[in-house]
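*Asks:* My structure is below; once you've seen it, I'll send some questions.
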Ligand SMILES: [Fe+2]
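Following this line, the structure appears as structure tokens:
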């Protein structure tokens, strides 16, 4: 029997055989241009999920509280989502269409989703006015919140990458985010 030979250099044998050289440590990756916007979406999503969790108990509430909880959904859209959407249509979407290439309409579906959210809010408003039962209020409320959550995912994962490729953070801040914030805080 032969004695096992020591690997050269004394290092233990390993099943990992790199095919490329190890990366050299460098600076941390730069923040993407749309980071602030993504953080705002995450914050709105956090609020949305909090609201959705409370809606799970809507049917246990008194009739009056059921309607006020459904109205909270409409209020969340009106106060938080609608100004955000209006500001996006003002600067973000035109910038995204430009960033995706001449004549691109990459933002068209996202714009339409804004309209769908408003249509669904109108439907919920009618059901509240008609005194609809809790199951119906929950159904419509979740429809609105689910659509908003999906819309944020589309924005972050489909639209914003075009902007991250086309803009550096400073230019994006100046040309897109600053006018977006002004529009969002304008009373309309
Ligand atoms: Fe949007």
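In the working numbering, the protein residues as written are 31 to 218.
Heads up, the beta-carbon is just placed ideally off N, CA and C, and yes, glycines get one too.
Tell me which residues share the same chain as residue 144 and place their Cβ nearer than 6 Å to its Cβ, disregarding the 5 neighbours each side in the sequence.
*Replies:* Numbered from its first residue, the chain shown carries residue 144 at position 114. Correct list, in chain order: 115.
*Asks:* Does any heavy atom of ligand 1 sit closer than 6 Å to the C-beta of residue 115?
*Replies:* The residue you call residue 115 lines up with position 85 of the chain shown. The closest heavy atom of ligand 1 lies less than 6 Å from the beta carbon of residue 115.
*Asks:* Measuring CA to CA, which of 188, 173, 151 and 155 is closest to residue 138?
*Replies:* As a first step, residue 138 is located in the chain shown; it is residue number 108 there, counting from the start. Ranking the options by Cα distance to residue 138, first place goes to 188.
*Asks:* Just the C-alpha distance for residue 172 and residue 82, rounded to the nearest angstrom, thanks.
*Replies:* Taking the first residue of the chain shown as 1, we reach residue 172 at position 142. Taking the first residue of the chain shown as 1, we reach residue 82 at position 52. Distance between the alpha carbons of residue 172 and residue 82: 7 Å.
*Asks:* Please classify residue 253 as buried or exposed, where buried requires at least 16 other C-beta atoms within 10 Å of its C-beta.
*Replies:* As displayed, the chain neither begins before 31 nor continues past 218, which places residue 253 out of reach and without an answer.
*Asks:* Between the C-alpha atoms of residue 108 and residue 182, what's the straight-line distance to the nearest angstrom?
*Replies:* Start at 1 with the first residue of the chain shown, and residue 108 comes out as number 78. Start at 1 with the first residue of the chain shown, and residue 182 comes out as number 152. Taking the straight line from one Cα to the other gives about 16 Å.
*Asks:* Report yes if the C-beta distance between residue 210 and residue 93 is below 7 Å; otherwise report no.
*Replies:* Counting from 1 along the chain shown, the entry for residue 210 is found at position 180. Counting from 1 along the chain shown, the entry for residue 93 is found at position 63. No. Outside cutoff.
*Asks:* If we ignore side chains and look at the alpha-carbon of each, how far apart do residue 219 and residue 198 end up?
*Replies:* The question about residue 219 has no answer, for the chain in this structure spans 31 to 218.
*Asks:* In three-state DSSP terms, what is residue 98?
*Replies:* Position 68 of the chain shown, counted from the first residue, corresponds to residue 98. Correct three-state label for residue 98: helix.
*Asks:* State the CB to CB distance for the pair residue 167 and residue 88, rounded to an integer number of angstroms; the pair is presumed to be in contact (CB under 8 Å).
*Replies:* Residue mapping note: residue 167 aligns to position 137 of the chain shown, counting from 1. Residue mapping note: residue 88 aligns to position 58 of the chain shown, counting from 1. Indeed, because the Cβ distance is near 6 Å, the residues count as touching under 8 Å.
*Asks:* Pick from 125, 217 and 147: whose alpha carbon is nearest that of residue 207?
*Replies:* The residue labelled residue 207 in the question sits at position 177 within the chain shown. Out of 125, 217 and 147, 125 has the C-alpha closest to the C-alpha of residue 207.
*Asks:* Which class does residue 163 belong to by DSSP, given the choice of helix, strand or coil?
*Replies:* Position 133 of the chain shown, counting from 1, holds the residue named residue 163. In this structure, residue 163 counts as coil in the three-state DSSP scheme.
*Asks:* So, under 8 Å CB-CB, residue 146 and residue 170 are touching, yes? Tell me the CB distance rounded to an integer number of Å.
*Replies:* Counting from one through the chain shown, the residue named residue 146 turns up at place 116. Counting from one through the chain shown, the residue named residue 170 turns up at place 140. About 13 Å; that fails the 8 Å criterion.
*Asks:* Figure out for me which residue from 216, 213, 195 and 217 has the closest Cα to the Cα of residue 65.
*Replies:* Counting from one through the chain shown, the residue named residue 65 turns up at place 35. For the residues 216, 213, 195 and 217, the minimum Cα distance to residue 65 belongs to 195.
*Asks:* According to DSSP, simplified to helix, strand and coil, what is residue 127?
*Replies:* Locating residue 127 in the chain shown gives position 97, where the first residue counts as 1. If DSSP states are grouped into helix, strand and coil, residue 127 belongs with the helices.
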